[in-house]
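**Q** Residue numbers (my numbering): 118 to 365.
Glycine included, C-beta positions come from ideal geometry on N, C-alpha and C.
Small disclaimer: the values here were computed from a predicted structure and weren't measured.
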């Protein structure tokens, strides 16, 4: 889709804001545990939240990690691509999953990855990410492993490619569906949805936001269904400052 720079930040009082984290609110790092949200972005989120503007974060990370990254904020959030969700009232809205089987799959995948030094397995408990950012020569190996496990355990897991990663996420987990779920609930219901994301997993969110007549904003380069674009995490920070300037 042809996309353009946002001409102006939308009027915040009429909107509900959804943010991806890695690559959107925070720079991607060589290892996931090194990621941090810049203080200026965290402060902007705090101001929006304090102004009673509906905001939520939607990430591939588990909720526990999101809370650590955003502390002291505790926002409505969806983790593991929507498999975990905390509604605005704090109530959990998680997918029903076979945790015992997922634990067995995780152990099997760890054994398979042990044969390939440099291939980083991130076990999220209910999802598994194969990172090859530190060993780009292992991209094909990571792809073959991920496709094999997705084929063998397709009743539980689906394959989600990303930036230097192949992720096995719970079947039915979708950033698009979780945005739709938030938009059906207060305080999001009746607002104009705005979603910022940077990766392939965010495309489902862009599609839903487009269908709802909202603002879909791709961060960074690459083809996208988003209708607007910001160049970088720094540009997101600047966009947030313009948004804050529009608050009464």
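(1) Given that a residue counts as buried once 16 or more other Cβ atoms are within 10 Å of its Cβ, and exposed if not, what is residue 320?
(2) Determine which residues share a DSSP beta bridge with residue 327 and list them.
(3) State buried or exposed for residue 332, treating a residue as buried only when at least 16 other CB atoms are found within 10 Å of its CB.
(4) Judging by CA-CA distance, which residue of 127, 131, 140 is the nearest neighbour of residue 348?
(5) Taking the Cβ atom as the reference point for each residue, do residue 343 and residue 334 lie within a distance shorter than 8 Å?
(6) How is the beta strand (DSSP E) around residue 276 delimited, first residue to last?
(7) Under a three-way DSSP split, which group does residue 119 fall into?
(8) Kindly identify the DSSP beta-bridge partner or partners of residue 333.
(9) For the alpha helix (DSSP H) containing residue 294, list its first residue and its last residue.
(10) Can you give me the C-alpha to C-alpha distance between residue 246 and residue 287, rounded to a whole angstrom?
(11) Would the beta-carbon of residue 283 fall within 8 Å of that of residue 263?
(12) Considering residue 350, what are the terminal residues of the alpha helix (DSSP H) in which it resides?
(13) So, at 8 Å on beta carbons, what are the nonlocal neighbours of residue 178 in its own chain, with the 5 sequence-adjacent residues on each side left out?
(14) Evaluate residue 272 with the Cβ neighbour count: other Cβ atoms within 10 Å of its Cβ, from every protein chain shown; 16 or more gives buried, anything less gives exposed.
(15) Which residues share a DSSP beta bridge with residue 175?
(16) Check each candidate in 276, 258, 206, 305 and name the one with the smallest Cα separation from residue 291.
(17) If you follow the beta strand (DSSP E) that residue 250 is in, where does it begin and where does it stop?
(18) On the CB-based measure, 16 or more other CB atoms within 10 Å of its CB, does residue 203 come out buried or exposed?
(19) Report buried or exposed for residue 346, applying the criterion of at least 16 other Cβ atoms within 10 angstroms of its Cβ.
(20) Reducing DSSP to helix, strand and coil, say where residue 239 ends up.
(21) Report the rounded CA-to-CA distance for residue 328 versus residue 308, giving the unit in angstroms.
**A** Judging by the given coordinates:
(1) buried
(2) In DSSP, residue 327 forms no bridge with anything.
(3) buried
(4) 140
(5) yes
(6) 274–279
(7) Caution is warranted here: a pLDDT of 49 is assigned to residue 119, below 50, making its placement in the model unreliable, and no coordinate value can be reported.
(8) 312
(9) 292–300
(10) 12 Å
(11) yes
(12) 350–362
(13) 138, 139, 149, 186, 196, 197, 241
(14) exposed
(15) 195
(16) 276
(17) Here residue 250 belongs to no beta strand (DSSP E), and DSSP marks it neither H nor E.
(18) buried
(19) buried
(20) strand
(21) 14 Å
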